[in-house]
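Colleague:
Residue numbers (our numbering), protein chains in the order written: chain V, 11 to 122; chain X, 24 to 136.
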């Protein structure tokens, strides 16, 4: 089955700096890669996603890049703010069945 | 209504009790999911329903019994649970089962004594 590795497990950045989280996946048939943000005690919320026919996608301060050949994808957050502090999960799935396999999560702390 | 709702928010039960978790969505989504999330871990898929039929069972013990009575409702019946089953149980839904975005409910925090 699919295996998703996520790094780093914790990330501390100064407010205004950028944060980068990287994930690798094992199944070359995976074609959908969402990123979820989960604040303490809250539900995971989809913040951005990318499909295998696209190399990069941006939404305001958040961007995701995908390298299908290397089987890795990354989340970039620019101009970080304290409210960006949360746990971020990457995930991968194939269209058939839509079974999401999550990475281990990255705890991001943005220091004011 | 653009949210997935779950009840109850918290549940404490003994190992001999029978209880049920409920999930509801009114977004017209045809796929619904149950996940289990332990503290500081990612969600783990338990079950997937597509068009009210069980599509995926991730080898979940039979003490967890899912039910999809209609396209808007998903239940998880619990019986004879173990303390290690204590976790946050998340429901999610998506438009279809074919690689569509999944939207999560707030979860039910379950404690088994």
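Every residue, glycine too, gets a C-beta built ideally from N, C-alpha and C. Computed from a prediction, not measured in an experiment: that's the story for all the values here.
(1) Is the Cβ of residue 127 of chain X closer than 7 Å to any Cβ of chain V?
(2) Tell me residue 116 of chain V's beta-bridge partners as DSSP assigns them.
(3) Does the distance from the CB of residue 97 of chain X to the CB of residue 55 of chain X come in under 7 Å?
(4) By the DSSP assignment, the beta strand (DSSP E) with residue 67 of chain X in it spans what residues?
(5) Please check if any C-beta of chain V sits within less than 7 Å of the C-beta of residue 66 of chain X.
(6) For residue 43 of chain X, I'd like the list of residues in its chain whose CB is within less than 6 Å of its CB, leaving aside the five on either flank, ordered along the chain.
(7) Could you round the C-beta distance between residue 122 of chain X and residue 108 of chain V to whole angstroms and report it? I think they count as a contact, below 8 Å.
(8) Between residue 78 of chain X and residue 72 of chain X, what straight-line distance do the alpha-carbon atoms span, to the nearest angstrom?
(9) Report yes if the C-beta distance between residue 95 of chain V and residue 32 of chain V is below 7 Å; otherwise report no.
(10) Taking only the alpha-carbon atoms, compute the straight-line gap between residue 114 of chain X and residue 99 of chain V and give it to the nearest angstrom.
(11) Contact between the region 19-39 of chain V and the region 86-95 of chain V: three or more CB pairs below 8 Å?
(12) Rounded to the nearest angstrom, what separates residue 130 of chain X and residue 31 of chain X at their Cα positions?
(13) For residue 38 of chain X, does the count of other Cβ atoms within 10 angstroms reach 16, so buried, or fall short, so exposed?
(14) Is there a C-beta anywhere in chain X that falls below 7 Å from the one on residue 105 of chain V?
Modeller: Put simply:
(1) yes
(2) V:98
(3) yes
(4) 67-73
(5) yes
(6) 98 and 100
(7) 6 Å
(8) 5 Å
(9) no
(10) 17 Å
(11) yes
(12) 8 Å
(13) exposed
(14) yes
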